[in-house]
Amino acid sequence: MIKKNLVKANLSGDRIGVFFGTLAPMHIGHQAEIYKAAALNDGVVVIASGYTGDRGDQIGLSVEKRFRYLREAFNDEDNIKVDYINEDDIPQMPNGWQEWTDRLTATIQRNIVNPNAQITLYTGEADYKEMLEKMLPQDGRFRVSLMDRTILKVSATAVRNDPLGNWDYINRVFRRHFAKKILVVGAPLTGKSTLTRRLARTSNSPFSVEFSRTYQEKSNVLESELLLKDYSRIIQGQYDANSDEINSPANNGLTFFDTDAMVTMAEARAWLPAGDLDQLLPLFDNTIREEDLDLILVIPPTVAVWNGGDAEESAEFDRHLWDIMTEYGFADKAVMLDRVGGVDDEAGYYARYIQALEIIEDKVGINLTKV
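Set out below in structure tokens:
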């Protein structure tokens, strides 16, 4: 059975609104105008438009990705349908107005039932209104409405230049693209879960927990007893746990992860037979390459020894971890938390916490001590 929100029926009715733009990203100003169009018409076609190398694509938001985000954002709105225009094969503005307008009208028509419906296009640019009124078919079906930008004073340019400073204005689906992602890693018994939790709560940010620990406790299985099938579940489980925090309404622009697929891979190298590990490589490859981390905080293996861990095993795990981060191109994002504590902080927990805050400010640009 096809889910309704995946393939929506074409919009019916005699009055159709059309909202178009780069939408990189969509913000609450766009949303307000789209909802205005929805209130004044029988349905709305929202169209993302762009080309390879445009201002959205330059920050990793291709027009296809914008389309998918928009479709997700409006998946529960029956009278709002989303489409997109790829401009790669037409002249760029201002030379491609007629070609673009022809494509616009064709995109509208393929999303509506009544080909003779009255179409109102909404734009925030006065020169767009002027050009469209010249280029659109002169058959009485089309009108162009200029939106009032003084109601919600926010721009996509301002959001792109300072996403975290304009976080409250970004549509929730689009926020995942701008969220800063910080991973905390280390050998077992290094206190990474505690540090992850405390760093996240310092900034009131969401954080994931170590899925492997939850899985092992639920299955009542030791780390050395994990099989190939267990690792495949752990890889996907941790990825989903991290993704849930990125997509969480609590995401305030900063997310923390307690381990990821690279940590799981280091564990697999330590415990799994080579043949089993080879079978997992495609899953590791796909999962790790999907990660878009901004910073990796690495707790040194000596901390594990302080907490009763085996020195040789901890050092071996650390070597595996750095090898993996290097293999997958993440070594330049990794910073060792090597600060030593004083006489009242012999294990260095507080020293590393403060060091982590300083590194986050330096590498990510967020000063958590002022939050």
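Note that the sequence shown covers residues 11 to 381 in the working numbering.
Ideal Cβ placement from N, Cα and C applies to all residues, glycine included.
Quantities reported herein were computed from a predicted structural model and do not represent experimental measurements.
For residue j and residue i, believed in contact at Cβ under 8 Å, the rounded distance
{"i": "V28", "j": "I69", "result": "No, V28 and I69 are not in contact; Cβ-Cβ is about 25 Å, not under 8 Å."}
{"i": "N181", "j": "Q41", "result": "6 Å"}
{"i": "M36", "j": "F184", "result": "6 Å"}
{"i": "A34", "j": "A166", "result": "6 Å"}
{"i": "M346", "j": "M272", "result": "With 8 Å as the limit, M346 and M272 do not qualify as a contact, their Cβ atoms being about 15 Å apart."}
{"i": "I256", "j": "R349", "result": "Rounded, the Cβ-Cβ distance is 29 Å, inconsistent with contact."}
{"i": "M157", "j": "T133", "result": "7 Å"}
{"i": "Y360", "j": "G351", "result": "6 Å"}
Extent of the continuous alpha helix (DSSP H) run through residue i
{"i": "K202", "result": "202 to 212"}
{"i": "Q226", "result": "221 to 229"}
{"i": "Q119", "result": "107 to 119"}
{"i": "G285", "result": "284 to 300"}
{"i": "T312", "result": "312 to 316"}
{"i": "Y132", "result": "Y132 -> not in any alpha helix (DSSP H); beta strand (DSSP E) instead, spanning 128 to 133."}
{"i": "A34", "result": "Taken as a continuous stretch (DSSP letters only), A34 belongs to no alpha helix (DSSP H), as it is neither H nor E."}
{"i": "F327", "result": "321 to 337"}
Of the residues the options, the one placed nearest residue i, counting alpha carbons only
{"i": "N375", "options": "S258, L290, A189, V273", "result": "Residue 375 is actually Gly in this sequence, not Asn. Measuring from the Cα of G375, the nearest candidate turns out to be A189."}
{"i": "I244", "options": "R223, N230, L131", "result": "R223"}
{"i": "L303", "options": "F340, V219, L174", "result": "F340"}
{"i": "L205", "options": "L33, I309, W281", "result": "I309"}
{"i": "V195", "options": "H40, A278, A47, T269", "result": "T269"}
{"i": "N121", "options": "A136, P198, I369, R25", "result": "R25"}
{"i": "Q248", "options": "P283, M36, E300, I38", "result": "E300"}
{"i": "R208", "options": "K18, N51, L33, R362", "result": "R362"}
{"i": "G201", "options": "A83, A260, L307", "result": "L307"}
{"i": "P283", "options": "A49, K239, I256", "result": "K239"}
{"i": "L293", "options": "T274, W281, P311", "result": "T274"}
{"i": "P382", "options": "G352, G358, S22, E323", "result": "Because the chain spans 11 through 381 in this model, residue 382 falls outside it and cannot be assessed."}
{"i": "W281", "options": "N230, H330, A314", "result": "H330"}
{"i": "T62", "options": "N96, P101, R76", "result": "N96"}
{"i": "D112", "options": "A314, T379, D355, M145", "result": "M145"}
{"i": "P147", "options": "I256, A49, N257, I129", "result": "I129"}
{"i": "F221", "options": "P259, R211, F267", "result": "F267"}
{"i": "I118", "options": "S155, F30, E356, E227", "result": "F30"}
{"i": "G150", "options": "Y138, D158, A127, K163", "result": "A127"}
{"i": "K191", "options": "I370, N377, T379", "result": "I370"}
{"i": "K163", "options": "G39, D98, G263", "result": "G39"}
{"i": "S155", "options": "I44, G358, G318, A278", "result": "I44"}
{"i": "N124", "options": "V169, F84, S22", "result": "S22"}
{"i": "W107", "options": "Y138, A116, A48, N85", "result": "Y138"}
{"i": "A276", "options": "V219, L264, L290, G263", "result": "L290"}
{"i": "V9", "options": "P173, N262, E87, A278", "result": "The displayed coordinates of the chain run from 11 to 381. Any statement about residue 9 would go beyond what the structure contains."}
{"i": "N262", "options": "V219, L378, A19, R349", "result": "L378"}
{"i": "R153", "options": "A47, A83, F77", "result": "A47"}
{"i": "L264", "options": "W177, P101, A168", "result": "W177"}
{"i": "V219", "options": "L193, A321, D288", "result": "L193"}
{"i": "Y94", "options": "I100, E74, P101, A83", "result": "E74"}
Where the beta strand (DSSP E) containing residue i begins and where it ends
{"i": "S386", "result": "No answer is possible for residue 386: it lies beyond the span of the chain, which begins at 11 and ends at 381."}
{"i": "Q246", "result": "Where Q246 is concerned, there is no enclosing beta strand (DSSP E), although the alpha helix (DSSP H) it sits in stretches over 238 to 256."}
{"i": "V194", "result": "190 to 196"}
Proximity test, Cβ basis, 8 Å: residue i and chain C
{"i": "I244", "result": "Structure shown: chain C not included; a single protein chain is present."}
Coarse secondary structure for residue i, derived from DSSP in three states
{"i": "L50", "result": "helix"}
{"i": "G60", "result": "strand"}
{"i": "A269", "result": "The residue asked about is misnamed: residue 269 is Thr in this sequence, not Ala. Three-state result, T269: coil."}
{"i": "R349", "result": "coil"}
{"i": "I376", "result": "coil"}
{"i": "R25", "result": "strand"}
{"i": "K163", "result": "coil"}
{"i": "L305", "result": "strand"}
{"i": "K139", "result": "helix"}
{"i": "E368", "result": "helix"}
{"i": "G19", "result": "Checking the sequence, you will find Ala at residue 19 rather than Gly. The answer is coil: DSSP assigns A19 none of H, G, I, E or B."}
{"i": "V451", "result": "This structure cannot speak to residue 451, because the chain is shown only from 11 to 381."}
{"i": "I38", "result": "helix"}
{"i": "N96", "result": "strand"}
{"i": "A168", "result": "helix"}
{"i": "A361", "result": "helix"}
{"i": "A344", "result": "strand"}
{"i": "I12", "result": "Its pLDDT being 40, under 50, I12 is placed unreliably in this model, and the value from its coordinates should be taken loosely. Of the three classes helix, strand and coil, the one that applies to I12 here is coil, per DSSP."}
{"i": "V381", "result": "Confidence in V381 is poor, its pLDDT being 46 and thus under 50, which makes the residue's placement unreliable; the coordinate value appears in the next sentence. It is coil, neither helix nor strand."}
Residue i CB to nearest heavy atom of the ligand MG below 7 Å
{"i": "Q248", "result": "Questions concerning the ligand MG fall outside what the structure shown contains, since it holds no ligand whatsoever."}
Alpha helix (DSSP H) runs wholly inside the segment 67 to 94, at least 4 long, in chain order: With a minimum length of 4 residues, the continuous alpha helix (DSSP H) runs that stay inside the segment 67 to 94 are 73 to 83.
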